[in-house]
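Peer 1: For any residue, its number in my numbering is found by taking its place in the sequence shown, counting from 1, and adding 77. Glycine is no exception: its CB is placed at the ideal position from the N, C-alpha and C atoms. Quantities reported herein were computed from a predicted structural model and do not represent experimental measurements. For reference, the structure I am asking about is given below.
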Amino acid sequence: MLGLKGAQATSQRASSPAAHQNNIGLLRLLLATGVVFGHACGQFGPGAPFGEPIRPLIPSSIDLATLCLDGFFMISGWLITMSMLRSSSMVEYLRHRIVRIYPGYLVAYAVSIWLIHSLYAVTAPAEWWRLTILQAPPSFRHGGTLMNANAALWTLAFEFRCYLAVGLLGMTGLLARRELIWKLTLGLLTLWLLCSYPPLSWRLNRVDYGQDWPLLYALIGDPSANLRLFTIFFIGVSGYLYRDVMERAIDHRIALLSAMWALLLLGHPAVAEWSICLVGSPLLYWLAFKAEAGAWGRINARIDISYGTYIYGWPIGLALALAGFNFWTYIAATIATSLVCGWLSWVLVEKPAKDVVRVCTKLGSIMARRRSRQCATACVRVDRPR
Numbered sequence: 078m079l080g081l082k083g084a085q086a087t088s089q090r091a092s093s094p095a096a097h098q099n100n101i102g103l104l105r106l107l108l109a110t111g112v113v114f115g116h117a118c119g120q121f122g123p124g125a126p127f128g129e130p131i132r133p134l135i136p137s138s139i140d141l142a143t144l145c146l147d148g149f150f151m152i153s154g155w156l157i158t159m160s161m162l163r164s165s166s167m168v169e170y171l172r173h174r175i176v177r178i179y180p181g182y183l184v185a186y187a188v189s190i191w192l193i194h195s196l197y198a199v200t201a202p203a204e205w206w207r208l209t210i211l212q213a214p215p216s217f218r219h220g221g222t223l224m225n226a227n228a229a230l231w232t233l234a235f236e237f238r239c240y241l242a243v244g245l246l247g248m249t250g251l252l253a254r255r256e257l258i259w260k261l262t263l264g265l266l267t268l269w270l271l272c273s274y275p276p277l278s279w280r281l282n283r284v285d286y287g288q289d290w291p292l293l294y295a296l297i298g299d300p301s302a303n304l305r306l307f308t309i310f311f312i313g314v315s316g317y318l319y320r321d322v323m324e325r326a327i328d329h330r331i332a333l334l335s336a337m338w339a340l341l342l343l344g345h346p347a348v349a350e351w352s353i354c355l356v357g358s359p360l361l362y363w364l365a366f367k368a369e370a371g372a373w374g375r376i377n378a379r380i381d382i383s384y385g386t387y388i389y390g391w392p393i394g395l396a397l398a399l400a401g402f403n404f405w406t407y408i409a410a411t412i413a414t415s416l417v418c419g420w421l422s423w424v425l426v427e428k429p430a431k432d433v434v435r436v437c438t439k440l441g442s443i444m445a446r447r448r449s450r451q452c453a454t455a456c457v458r459v460d461r462p463r
């Protein structure tokens, strides 16, 4: 594919910090844990000292789970772009992306339905067709309360749409034009900023075609969430394409300035999330690639449990809410159990799935080469004069 070759040439012109020691694994695990913590505070119910960790400290429209999710998407934009540029074809790229996200998701979906059904003595609707398009389980009412077996899964469909967008840009060669991608990112940022102000955000949030066209809504997603998450993801995409510039420009002083501005802008509800994602991106880069974390930086580097921690945190929080723990015991138990489930997901589901696909791909390549040699031998025999 010409598009992929051009993009790979662009990739080779800049040194990649990702090739050296980095803290991406540790950062992803901390962000996943932050999402679990933020969700658990709300799941504890009455008696919690606070329902949200950030808002009592700094009045804002953004919560901890959202903030951590944004960081997760930004890092994902970086890593997925790197994956696309290193793939030899669109088929290889999609194979890697599907095997990374689907096996863990399928098991987490089924486990969540079973767990909530068992503990809450309700028949949680499964709607297994949702598995084909990475949807969260449907919500249901329990004792007058609207519940969901695993609401955290709602982001996976949006992330996979971002994967497809990067794949399309790589296949057409547009990913090799980093100035164009930067302009696209600026356009998304501008549109998101405009839509963040109440008159426009109110209208955008009223766009709801889920009742009339539920399948279309499931495939395309909420317009407001699409705009927000695509923008954040493409900040990461642009960051990877301009990694040579960021490597030279960002040091601990820029990171500190970025953190200060992010804290100042956190108190402005209309633009809090937009500002943090834009102004805070240098801080995230510094934490991922330049901060000296020592041995801590190797945590979650080879065994990535962040995805499993994220997808199991919600149902575990719901389950442990029935245990009668005090608030901080509940929080500690939820986070610890989520980390264990993340490790189990990697060991029992995610890594075996990757190994199976790798072996099957290798066997397929061997068989294809063997057939090619057999065909070549047959052609030589036919062409040989009698």
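On the criterion of 16 or more Cβ atoms from any shown chain inside 10 Å, does Ser-166 qualify as buried, or is it exposed?
Peer 2: With fewer than 16 Cβ atoms within 10 Å of its Cβ, Ser-166 is classed as exposed.
Peer 1: Would you say the segment 352–371 touches the segment 382–390, given that touching needs at least three Cβ pairs under 8 angstroms?
Peer 2: No, they do not touch.
Peer 1: Pick out whichever of Leu-183, Met-323, Gly-181 and Ser-352 has its Cα sitting closest to the Cα of Trp-269.
Peer 2: It is Ser-352 whose Cα lies nearest to the Cα of Trp-269.
Peer 1: Leaving out five residues before and five after Leu-23 in sequence, what residues of the same chain have Cβ atoms less than 6 angstroms from its Cβ?
Peer 2: Not covered by the structure: residue 23. The range shown for the chain is 78 to 463.
Peer 1: On a CA-only basis, which of Gly-357, Ser-315 and Trp-420 is nearest Leu-251? Give me that one, please.
Peer 2: Per the Cα distances, Ser-315.
Peer 1: Looking only at its own chain, which residues have a Cβ that is under 6 angstroms from the Cβ of Ala-409, when we skip the five neighbours before and after it?
Peer 2: There are no such residues.
Peer 1: Indicate whether Met-323 and Val-243 have their beta-carbon atoms separated by less than 9 angstroms.
Peer 2: No. Outside cutoff.
Peer 1: For Glu-232, count neighbouring Cβ atoms within 10 angstroms of its own Cβ and tell me buried if that reaches 16, exposed if not.
Peer 2: The amino acid occupying residue 232 in the given sequence is Thr; Glu does not appear at that position. Buried, since its Cβ has 16 or more Cβ neighbours within 10 Å.
Peer 1: Can you name, in chain order, every residue of its own chain whose Cβ lies under 7 angstroms from the Cβ of Thr-467, other than the five neighbours on each side?
Peer 2: The question about residue 467 has no answer here: the residues shown for the chain are numbered 78 through 463.
Peer 1: To the nearest angstrom, how far is it from the Cα of Leu-245 to the Cα of Ser-301?
Peer 2: Straight-line Cα distance between these residues: approximately 22 angstroms.
Peer 1: Pick out whichever of Tyr-319, Ala-347, Asp-321 and Gly-357 has its Cα sitting closest to the Cα of Leu-337.
Peer 2: Correcting the residue type first, residue 337 is Met in the shown sequence and not Leu. Of the candidates Tyr-319, Ala-347, Asp-321 and Gly-357, the one whose C-alpha sits nearest the C-alpha of Met-337 is Gly-357.
Peer 1: Suppose the cutoff is 6 angstroms on Cβ atoms and the five residues either side in sequence are ignored; what does the same chain contact list for Glu-350 look like?
Peer 2: Correct list, in chain order: Ile-139.
Peer 1: Should Tyr-182 and Ile-312 be called a contact, given that it needs their Cβ atoms to be closer than 9 angstroms?
Peer 2: In this structure, Ile-312 does not lie closer than 9 angstroms to Tyr-182 by Cβ.
Peer 1: I need the DSSP call for Leu-266, collapsed to helix, strand or coil.
Peer 2: Leu-266: helix per DSSP, three-state reduction.
Peer 1: Could you check if Thr-222 is buried or exposed, using at least 16 other CB atoms within 10 Å of its CB as the buried criterion?
Peer 2: By the 10 Å Cβ count, Thr-222 comes out exposed.
Peer 1: Report the start-end ranges of each alpha helix (DSSP H) in the segment 204–275 that is 4 residues or longer and not cut off at the edges.
Peer 2: You should have 231–248 and 255–273.
Peer 1: If you check the beta carbons only, do Ile-131 and Leu-343 fall under 9 angstroms apart?
Peer 2: Yes.
Peer 1: For the alpha helix (DSSP H) holding Gln-120, just list the boundary residues, first then last.
Peer 2: Element bounds for Gln-120: 101–120.
Peer 1: Cβ atoms of Lys-431 and Val-168: under 9 angstroms apart, would you say?
Peer 2: Going by C-beta atoms, Val-168 is not nearer than 9 angstroms to Lys-431.
Peer 1: So Ser-335 and Leu-360 are in contact, right, with Cβ under 8 angstroms, and what is the actual spacing, rounded?
Peer 2: Sure, about 4 angstroms apart at Cβ, within 8 angstroms.
Peer 1: Note down the Cα distance separating Leu-141 from Arg-447, rounded to an integer number of angstroms.
Peer 2: Distance between the alpha carbons of Leu-141 and Arg-447 is about 55 angstroms.
Peer 1: Exposed or buried, which one is Ile-380 when buried takes at least 16 other CB atoms within 10 Å?
Peer 2: Label assigned to Ile-380: exposed.
Peer 1: Considering only residues of the same chain and omitting the five flanking positions on each side of Tyr-240, which have a CB-CB separation below 7 angstroms?
Peer 2: Cβ within range, chain order: Ile-157 and Arg-174.
Peer 1: Give every residue of the same chain whose Cβ lies closer than 6 angstroms to the Cβ of Ser-164, excluding the five residues on either side of it in the sequence, and list them in chain order.
Peer 2: Closer than 6 angstroms at the Cβ level, and outside the excluded window around Ser-164, lie Tyr-170.
Peer 1: Just the Cα atoms here: how many angstroms apart are Tyr-197 and Pro-215?
Peer 2: Each residue's alpha carbon lies about 16 angstroms from the other.
Peer 1: Take the Cβ of His-345 as the centre, count every other Cβ of all protein chains shown within 10 Å, and call the residue buried at 16 or more, exposed below.
Peer 2: Exposed is the call here.
Peer 1: Out of Asn-303, Asp-147, Arg-255 and Phe-121, point me to the one whose CA is closest to Cys-354's CA.
Peer 2: That would be Asp-147, whose Cα lies nearest to the Cα of Cys-354.
Peer 1: Tell me whether the beta-carbon of Leu-211 lies closer than 9 angstroms to the beta-carbon of Leu-192.
Peer 2: In this structure, Leu-192 does not lie closer than 9 angstroms to Leu-211 by Cβ.
Peer 1: For Leu-304 and Leu-265, what's the separation of their Cα atoms in angstroms?
Peer 2: Their Cα atoms are separated by approximately 7 angstroms.
Peer 1: Could you give the DSSP three-state label for Thr-413: helix, strand or coil?
Peer 2: The question names Thr, but residue 413 in the sequence shown is Ala. Ala-413: helix per DSSP, three-state reduction.
Peer 1: Rounding to the nearest angstrom, what Cα-Cα distance links Thr-406 and Thr-262 in this structure?
Peer 2: One C-alpha to the other measures close to 42 angstroms.
Peer 1: Does the beta-carbon of Glu-427 have 16 or more other beta-carbons within 10 angstroms, so that it is buried, or is it exposed?
Peer 2: Glu-427 should be labelled buried.
Peer 1: Look at Leu-150 and Val-112 and say whether their C-beta atoms are less than 9 angstroms apart.
Peer 2: A quick correction: the sequence has Phe, not Leu, at residue 150. Taking 9 angstroms as the Cβ cut-off, Phe-150 and Val-112 do not qualify as a contacting pair.
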